[in-house]
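Enquirer: According to the UniProt record's numbering, the residues represented by the sequence shown are 1 to 358, in order. Ideal placement from N, C-alpha and C gives every residue a C-beta, glycine not left out. Note that the coordinates shown come from a computational prediction; the quantities given were computed from them, not determined experimentally. Okay, here's the structure, questions in a sec.
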Amino acid sequence: MVTCNPVPPIKTIDNPPDLSTRSGFNAGVRHIKKTLAILDALDAGEQLADILPVTGGEPWQTQAILRTLLIDKRGYQAVSANLNEARDLQSLAPALAGEFAKWQAVELTAVYHHPELGPLVVNPKKEEPLAALGVLAKHELLVIYAGSPGAGSDAAGSVPGLAGTEATGAEPGGEDFLLNAAKTALALFQGSLPEIAPALYQGPAKKAGARSPKRAPAVKGGGSGNRSPKRLPVETTASLLPQKTLSPRYIVTVTNDLFHNGNVEAWKRIIASYRAAYPELEVYLYYEDERILDINSLFQWGKVKHGGGINFAVAGKGIKDVAKLRRYLAEGASPRFEPFLRGSPGTLLKLFGPGADL
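If you want it as structure tokens, here you go:
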């Protein structure tokens, strides 16, 4: 049985800006402008899953926009679950997207919370962006949003095509109907075979991602302040996901008798040097398939001995110098770690980029 959890209100989200500072206030203003531009595009018939990756932004912005525009403004229902097993979407995407594309009674948005890249938003009715997610890791969070096709702003509960009416309960467009649709989609993602409500296949004959008719442009001069929709440039999610990519995991074999404190300190300096040269890139460490948040734990555990392996990966845009990083980490895990400890504590080595001195 698939366990579905209602999506809780957002409390804290990845370092939102401090509005009491000038930079934080400016970031808040940019976020509001971005949100309004996306709202205009949604009113013009675009899908949020197709728009959001184009706009970029930080994880806190992505989550805030999802909550504001899908749940608060458009009446979507959402469920979430930590995946009970790894799911390879490269092989499953054709079947999943093919099924979801038949659900004409709902619009779907899937958000996979990648452990390194943050929330990744896709339209699950499209095979290419769905496959671009790759392998969904076991225990990671997946959220499914379901809403009524063509619902405008503040249209929670409205029935598509019937202006001024409200849908309730299990009726198409009602909260229960949308919630059950989201639960069914989540179950399919997890590999279950739930009963699919026939009503999901009924609805406006509209292809996934199809655009609604354009609204008439606002009359210039003396207007009431109505905004005409600003259409954002739409690209496929699949083409945008690689903007921030995650490299394969590379293994570094420990050749010292034990990965001791000196090796740990050497690795700290090597990684600090890499981050200083390429601040837009992140280095992630793994031991026995678990991500290491504190490198000191590798020494404290006392488990990494001669012949043991530690994995690393690099995430970001324009990944570079991975081979050099791997070579230095291998040296740092060997008896030859001492050159990386030269200088006083806190010394930043210049190992990467122009003017590297080792």
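Could you compute how far the alpha carbon of N82 sits from the alpha carbon of A315?
Expert: Residue numbering aside, residue 82 sits at position 82 when the sequence shown is read from its first letter. Residue numbering aside, residue 315 sits at position 315 when the sequence shown is read from its first letter. Rounded to the nearest angstrom, the two C-alpha atoms are 23 Å apart.
Enquirer: Note the first and the last residue of the continuous beta strand (DSSP E) segment covering L142.
Expert: On the sequence shown, residue 142 is found 142 positions in, with the first residue counted as 1. Counting along the chain, the beta strand (DSSP E) containing L142 begins and ends at 141 to 147.
Enquirer: Helix, strand or coil for Q77 per DSSP?
Expert: As a first step, residue 77 must be located in the sequence shown, where it is residue number 77. In the structure shown, Q77 sits in a strand (DSSP, three-state: E or B).
Enquirer: Pick out the complete beta strand (DSSP E) segments inside the region 244 to 325, 3 residues or longer, and give them in chain order.
Expert: 250 to 253, 282 to 287, 290 to 292, 309 to 316
Enquirer: In the DSSP assignment, find the beta strand (DSSP E) that holds P94 and state where it starts and stops.
Expert: Within the sequence shown, residue 94 is the residue found at index 94, counting from 1. Looking at the DSSP string, P94 is not in any beta strand (DSSP E); the run it does join, the alpha helix (DSSP H), is 89 to 100.
Enquirer: Would you mind working out which of L329, L349, Y328, A137 sits nearest E85, comparing C-alpha positions?
Expert: Here residue 85 corresponds to residue number 85 of the sequence shown, with the count starting at 1. The candidate whose alpha carbon is nearest that of E85 is A137.
Enquirer: Is it true that the CB of F340 sits closer than 9 Å to the CB of Y328?
Expert: Working through the sequence shown from its first residue, we reach residue 328 at position 328. Working through the sequence shown from its first residue, we reach residue 340 at position 340. For Y328 and F340, yes; Cβs fall inside 9 Å.
Enquirer: Which of helix, strand or coil does DSSP assign to T3?
Expert: Here residue 3 corresponds to residue number 3 of the sequence shown, with the count starting at 1. Residue confidence for T3 is low, a pLDDT of 48 falling below 50, so the modelled location carries little weight; the figure read from the coordinates is stated next. Correct three-state label for T3: coil.
Enquirer: Along the chain, where does the alpha helix (DSSP H) that runs through A131 open and close?
Expert: Translated into positions along the sequence shown, residue 131 becomes position 131. Unbroken alpha helix (DSSP H) run through A131: 127 to 132.
Enquirer: If you drop the 5 nearest sequence neighbours on each side, which residues of the same chain put their C-beta closer than 7 Å to that of A77?
Expert: Here residue 77 refers to the residue found at position 77 when the sequence shown is read from its first residue. The question names Ala, yet the displayed sequence has Gln at residue 77. A146, E175, L178, L179, A182.
Enquirer: Does the distance from the CB of P335 to the CB of T245 come in under 9 Å?
Expert: Here the question's residue 335 lines up with position 335 in the sequence shown. Here the question's residue 245 lines up with position 245 in the sequence shown. Not in contact: P335 and T245 (Cβ atoms no closer than 9 Å).
Enquirer: Hey, P172 and A105: beta-carbon distance below 9 Å or not?
Expert: For the purposes of this step, residue 172 is taken as residue 172 along the sequence shown, with counting starting at 1. For the purposes of this step, residue 105 is taken as residue 105 along the sequence shown, with counting starting at 1. Yes, the pair counts as a contact, with Cβ atoms nearer than the cut-off.
Enquirer: What does the Cβ neighbour count give for Q61, buried or exposed, with the cut at 16 atoms within 10 Å?
Expert: Against the sequence shown, residue 61 aligns to sequence position 61. The residue in question, Q61, is buried, as its Cβ has 16 or more Cβ neighbours within 10 Å.
Enquirer: Is it a yes or a no for the region 122 to 132 touching the region 29 to 36, going by three-plus beta-carbon pairs under 8 Å?
Expert: no
Enquirer: Excluding the five sequence neighbours on either side, which residues of its own chain have a C-beta within less than 7 Å of the C-beta of L19, listed in chain order?
Expert: Here residue 19 refers to the residue found at position 19 when the sequence shown is read from its first residue. For L19, where only same-chain residues beyond five positions count, the Cβ hits under 7 Å are F25, G28.
Enquirer: With DSSP collapsed to three states, give me the class of T347.
Expert: Looking up residue 347 in the sequence shown gives position 347. Residue state, collapsed to three classes: coil.
Enquirer: Quick check: I310 and A277, are their CB atoms within less than 9 Å of each other?
Expert: Locating residue 310 in the sequence shown gives position 310, counting from the first residue. Locating residue 277 in the sequence shown gives position 277, counting from the first residue. I310 places its beta carbon 9 Å or farther from that of A277.
Enquirer: Shortest alpha-carbon distance to K303 belongs to which of V252, V79, E288, L142?
Expert: Along the sequence shown, read from residue 1 onward, the residue named residue 303 stands at position 303. Cα-wise, what sits closest to K303 is E288.
Enquirer: Does D50 pass the burial test, meaning 16 or more other C-beta atoms within 10 Å, or should it be called exposed?
Expert: Residue mapping note: residue 50 aligns to position 50 of the sequence shown, counting from 1. Buried is the call here.
Enquirer: Please work out which residues of its chain come closer than 6 Å, Cβ to Cβ, to L325, disregarding the five sequence neighbours upstream and downstream, and give them in chain order.
Expert: Walking along the sequence shown from the start, residue 325 turns up at place 325. Excluding sequence neighbours, L325 sits near Y274.
Enquirer: Tell me which residues share the same chain as F259 and place their Cβ nearer than 8 Å to its Cβ, disregarding the 5 neighbours each side in the sequence.
Expert: Along the sequence shown, read from residue 1 onward, the residue named residue 259 stands at position 259. Counting only Cβ-Cβ distances below 8 Å, and skipping sequence neighbours, we find L298, F299, V304, K305, G308, I310, A333.
Enquirer: Using 10 angstroms around the beta-carbon of S344, count the other beta-carbons present and answer buried if the total reaches 16, otherwise exposed.
Expert: Position 344 of the sequence shown, counted from the start, is the residue given in the question as residue 344. When all chains shown are included, S344 counts as exposed.
Enquirer: To the nearest angstrom, how far is the alpha carbon of N261 from that of Y250?
Expert: As a first step, residue 261 must be located in the sequence shown, where it is residue number 261. As a first step, residue 250 must be located in the sequence shown, where it is residue number 250. Near 22 Å, if we compare the C-alpha coordinates of Y250 and N261.
Enquirer: Whole angstroms are fine: how far does the CA of E280 sit from the CA of Y112?
Expert: The residue you call residue 112 lines up with position 112 of the sequence shown. The residue you call residue 280 lines up with position 280 of the sequence shown. Taking the straight line from one Cα to the other gives about 22 Å.
Enquirer: With P119 and R291 assumed to form a contact (beta carbons below 8 Å), what rounded beta-carbon distance in angstroms separates them?
Expert: Against the sequence shown, residue 119 aligns to sequence position 119. Against the sequence shown, residue 291 aligns to sequence position 291. About 17 Å separates the two Cβ atoms, so there is no contact after all.
Enquirer: Helix, strand or coil for N180, going by three-state DSSP, please let me know.
Expert: On the sequence shown, position 180 is the one that residue 180 refers to. In this structure, N180 counts as helix in the three-state DSSP scheme.
Enquirer: Apart from the five residues just before and just after F247, which ones in its own chain have a Cβ nearer than 8 Å to its Cβ?
Expert: In the sequence shown, the residue the question calls residue 247 occupies position 247. The amino acid occupying residue 247 in the given sequence is Ser; Phe does not appear at that position. Result list for S247: A313, V314, A315, I319, V322, in chain order.
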